[in-house]
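Residue numbers (the numbering used here): 5 to 152. Okay, so here's the structure we're looking at.
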């Protein structure tokens, strides 16, 4: 991906296609969560680093071919050429603030996430379980508490 904000929309479309090709219902809560998390991580890579990024989606296979249940969580990885560590930012107390919540959403929606140095840059990753919470956490999140 190039350092262009339009890449975020392309990343979302790519992920939806990959999930559909893997037999995941694009309207399932897990699929919506994956798309939202990819949006946040790709946005961080493109907007905050100004560097090209590479998106990787690791889809687990079912332990038993007779069942649809995957063997483990789905993994999202975004690599970029910046060595700067991802730093969770806190949005202002203003309810209309739209920036600074990306990594908080990732933390809320994923089983776990992290980052590590990768070559001359870094790789940010997260894992999302098949029982992922719906991607619309806005009704359940105390945004005032997150802004503190």
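Each residue gets a CB set at the ideal place from its N, CA and C atoms; glycine is no exception. Since this is a predicted model, take the numbers as computed values, not measurements.
query: With distances taken Cα to Cα, identify the nearest neighbour of residue 119 among 113, 86, 31, 38.; result: 86
query: For the region 14–33 against the region 106–124, are there 3 or more C-beta pairs whose distance is under 8 Å?; result: no
query: Per DSSP, which one or two residues make a beta bridge with residue 118?; result: 129
query: Determine the closest residue to residue 78 out of 62, 29, 84, with distance taken between C-alpha atoms.; result: 62
query: Is it right to say residue 37 is buried, meaning 16 or more other beta carbons lie within 10 angstroms of its own, or is it exposed?; result: buried
query: With a cut-off of 8 Å on the beta carbons, I'd call residue 127 and residue 91 a contact; round off their distance for me.; result: 16 Å between Cβ atoms; not a contact.
query: Nearest-angstrom Cα distance between residue 15 and residue 39?; result: 8 Å
query: Evaluate residue 105 with the Cβ neighbour count: other Cβ atoms within 10 Å of its Cβ, from every protein chain shown; 16 or more gives buried, anything less gives exposed.; result: buried
query: Can you tell me the Cβ-Cβ gap for residue 80 and residue 129, rounded? I've got them flagged as a contact below 8 Å.; result: 7 Å
query: Quick one: is residue 49 buried, meaning 16 or more other Cβ sit within 10 Å of its Cβ, or exposed?; result: buried
query: DSSP state of residue 61, grouped into three classes?; result: strand
query: Buried or exposed, going by whether 16 or more other CB atoms sit within 10 Å of the CB of residue 89?; result: exposed
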